[in-house]
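A quick write-up on the structure given underneath.
Residue numbers (the numbering used here), protein chains in the order written: chain A, 1 to 115; chain V, 116 to 228.
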């Protein structure tokens with residue numbers, strides 16, 4: 001079974017539209033994240049969400065908003081899409097192990113193309 | 116501003132040889148260090164984690180950490196063509212990972228048959 005899943009896999013939309021990407025993890029992890037990977041393959045954290053605490057990367061425009069209906073889901077809503085939002089968006093979640101070590105697992109990614 | 120630096124490559128290594136990938140980081144407070152492998156069009160896959168100075172071995176992979184030098188490396192022994200991918204170094208300041216990982220831009224590794 002897929003540990004972290006995202007839908008849709010591909011999303012093509014026009015500038016100015018509003019869209020959402022959904023993420024679900026079935027591992028019982030407490031912390032979930034959204035990352036953006038741009039055309040140069042640079043992967044950057046956008047948000048982390050831990051037990052209702054949201055940590056926002058200050059460089060993320062407020063057009064982006066994470067929404068967590070429950071512990072297993074962290075969706076990403078994007079308003080007024082711009083060309084520069086075109087990228088691959090990855091959801092991830094963290095398993096905290098005994099001793100303070102942890103492992104972060106990524107979903108398959110959503111390739112967003114804004115035209 | 117936390118930074119993680121990697122040589123973008125491509126790094127070309129003959130099959131069966133040892134591939135050596137390097138990474139430096141700017142934040143001395145970093146406590147957790149990871150290597151991810153990413154095939155083209157796929158998501159990052161965790162292959163190694165290391166938390167204390169020294170070496171950590173897992174199969175053909177060895178991660179090395181030197182916190183004094185702010186340096187992390189990954190050695191891949193007996194390199195196989197299937198190891199051809201982009202390798203991402205990632206660090207985290209806090210032990211729990213609540214604020215997410217800071218990634219380098221990755222090293223593109225090519226294993227030549």
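For each residue, glycine too, the CB sits at the ideal point set by N, CA and C. A quick note: this is a predicted structure, and the numbers were derived from the prediction, not measured.
- Excluding residues up to 5 positions away in sequence, 223 and 225 lie with their Cβ nearer than 6 Å to the Cβ of residue 125/V in the same chain.
- Around the C-beta of residue 201/V, 16 or more other C-beta atoms lie within 10 Å, and the residue is accordingly described as buried.
- At least 7 Å separates the CB of residue 89/A from every CB of chain V.
- Against chain V, a Cβ distance below 8 Å from residue 105/A picks out 161.
- CA-to-CA, the gap between residue 176/V and residue 133/V works out to about 10 Å.
- Rounded to whole angstroms, the gap between the alpha carbons of residue 157/V and residue 89/A is 12 Å.
- Taking the C-beta atoms as reference points, residue 75/A is found nearer than 7 Å to residue 67/A.
- Against chain V, a Cβ distance below 9 Å from residue 101/A picks out 147, 164, 166 and 210.
- The beta-carbon separation of residue 92/A and residue 35/A, rounded to 6 Å, stays under the 8 Å limit for a contact.
- Looking at the backbone, the Cα of residue 94/A and that of residue 214/V are separated by about 11 Å.
- Neighbours of residue 201/V across chain A, judged by C-beta separation under 9 Å: 41.
- The C-alpha of residue 147/V is placed about 28 Å away from the C-alpha of residue 61/A.
- Each residue's CA atom was taken as its position, placing residue 10/A and residue 103/A some 26 Å apart.
- Look at residue 33/A: its C-beta is under 7 Å from a C-beta on chain V.
- Residue-level contact check: residue 127/V does not touch chain A, since none of the beta carbons of chain A fall below 7 Å from its beta carbon.
- For the set 24/A, 15/A, 17/A and 12/A, the Cα lying nearest the Cα of residue 105/A is the one of 24/A.
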